[in-house]
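Q: Residue numbers (my numbering): 5 to 275.
#1: On the DSSP letters alone, give me the boundaries of the beta strand (DSSP E) that residue 47 sits inside.
#2: Relative to the C-alpha of residue 242, which candidate in 251, 236, 157 has its C-alpha closest?
#3: Return the chain-ordered list of same chain residues with a C-beta closer than 8 Å to the C-beta of residue 207, the five sequence neighbours on each side being excluded.
#4: Does the beta-carbon distance from residue 42 to residue 118 come in below 7 Å?
#5: Using a Cβ-Cβ cut-off of 6 Å (strictly less than) and excluding sequence neighbours within five positions of residue 7, which residues of its own chain qualify?
#6: Okay, do the segment 101-115 and the segment 60-73 touch, 3+ Cβ pairs below 8 Å being the bar?
#7: With a threshold of 16 other CB atoms inside 10 Å of the CB of residue 222, please say whether the residue is buried or exposed.
#8: Under 7 Å Cβ to Cβ from residue 169, same chain only, skipping five residues before and after it: list those, please.
#9: Taking residue 154 as part of the alpha helix (DSSP H), name the residues at either end of that continuous run.
#10: In the DSSP assignment, the alpha helix (DSSP H) including residue 269 goes from what residue to what residue?
#11: So who's on the other strand from residue 224, going by DSSP bridges?
#12: Looking at the secondary structure, which residues open and close the alpha helix (DSSP H) in which residue 55 lies?
#13: Out of 128, 262, 78, 225, state which residue places its alpha-carbon closest to the alpha-carbon of residue 239.
#14: Helix, strand or coil for residue 106, going by three-state DSSP, please let me know.
#15: What does a CB cutoff of less than 7 Å around residue 57 pick up in its chain, not counting 5 residues either side in sequence?
#16: DSSP on residue 199, reduced to helix/strand/coil?
#17: Given a cut-off of 7 Å on the beta-carbon distance, is the pair residue 217 and residue 249 in contact?
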């Protein structure tokens, strides 16, 4: 099955001006809607990302990485194991009619499904592609991003119907460019981010309304210079030099004893 890639803008190939849209029916109303929240949670392995997602209201997991398997009472969609089944399941409206929160766990594996779909459906020089580099410099990353964006469009449709969307990701450290001094390392979600086209990490960060980083609380021992910690965790809602984060409504860091609902109480308490 060929991927549902977006068409070029009308008239782009010929240089002609795109035709005017037909007149429609429009109105002006209150911008506040009963739409669901679009949330990304990321952090290191074992820190409690899936457990945090499971504490959201009425969650159902697409459990690509088996993160919910050992969470008591967690509900999962069975039969989703690749890109085709993921997209098909999300388009089954009857499956989600009573669901309050859709959890995709996790973004790393789902991105791999998108890559496998591209390799299976888009040929490279009239032959079967076996590696993303077979498409030529940078092109493969662009194909994967185009496919991944169709997922974000589907998730937007669910959010418009009032369902919260949570995408769970692992973290990675990457060098942050610093125009005023030396570059430094920071945490970001572990999603595709080549130098040119195909930057899924940027697209997801722009798409979500809340990007939460979970980190362990660490202090430095003054004598030894070694890091110290007791395993306590904090959810960060706003960006710092050492990690990506953002929220349209939350600002303060939130302590996170594993299993706490404090984040969802603050974010969704009024919904």
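For each residue, glycine too, the CB sits at the ideal point set by N, CA and C.
A: So, to answer that:
#1: Translated into the one-based positions of the chain shown, residue 47 becomes position 43. From DSSP, the beta strand (DSSP E) with residue 47 extends over 42-47.
#2: Within the chain shown, residue 242 is the residue found at index 238, counting from 1. If we check each option's Cα against that of residue 242, 251 comes out closest.
#3: Taking the first residue of the chain shown as position 1, residue 207 is located at position 203. The residues are 149, 152, 153, 156.
#4: For the purposes of this step, residue 42 is taken as the residue at position 38 of the chain shown. For the purposes of this step, residue 118 is taken as the residue at position 114 of the chain shown. It is not a contact, given that the beta carbons lie outside the stated cut-off.
#5: The residue you call residue 7 lines up with position 3 of the chain shown. Because the pLDDT of residue 7 is 49, which lies under 50, any placement of that residue in the model is unreliable, and the question is left without a value.
#6: yes
#7: Indexing the chain shown from 1 puts residue 222 at position 218. Exposed is the call here.
#8: For the purposes of this step, residue 169 is identified with residue 165 of the chain shown, where counting begins at 1. Closer than 7 Å at the Cβ level, and outside the excluded window around residue 169, lie 40, 42, 43, 106, 159, 162, 163.
#9: Position 150 of the chain shown, counted from the start, is the residue given in the question as residue 154. Looking at the DSSP string, the run of the alpha helix (DSSP H) that includes residue 154 is 143-164.
#10: To locate residue 269, count along the chain shown from 1; it is residue 265. Element bounds for residue 269: 266-272.
#11: Along the chain shown, one-based indexing puts residue 224 at 220. The partner list for residue 224 (beta bridge, DSSP) reads 231.
#12: Counting from one through the chain shown, the residue named residue 55 turns up at place 51. Element bounds for residue 55: 53-58.
#13: Reading the chain shown from its first residue, position 235 is the one you call residue 239. Looking at the Cα atoms, 262 is the closest of the given residues.
#14: Here residue 106 corresponds to residue number 102 of the chain shown, with the count starting at 1. Looking at residue 106 - three-state DSSP - the assignment turns out to be strand.
#15: For the purposes of this step, residue 57 is identified with residue 53 of the chain shown, where counting begins at 1. Same-chain partners within the cutoff: 45, 63, 107, 109, 170, 172.
#16: Locating residue 199 in the chain shown gives position 195, where the first residue counts as 1. In this structure, residue 199 counts as coil in the three-state DSSP scheme.
#17: In the chain shown, residue 217 corresponds to position 213, counting from 1. In the chain shown, residue 249 corresponds to position 245, counting from 1. Cβ distance < 7 Å, so residue 217 and residue 249 count as in contact.
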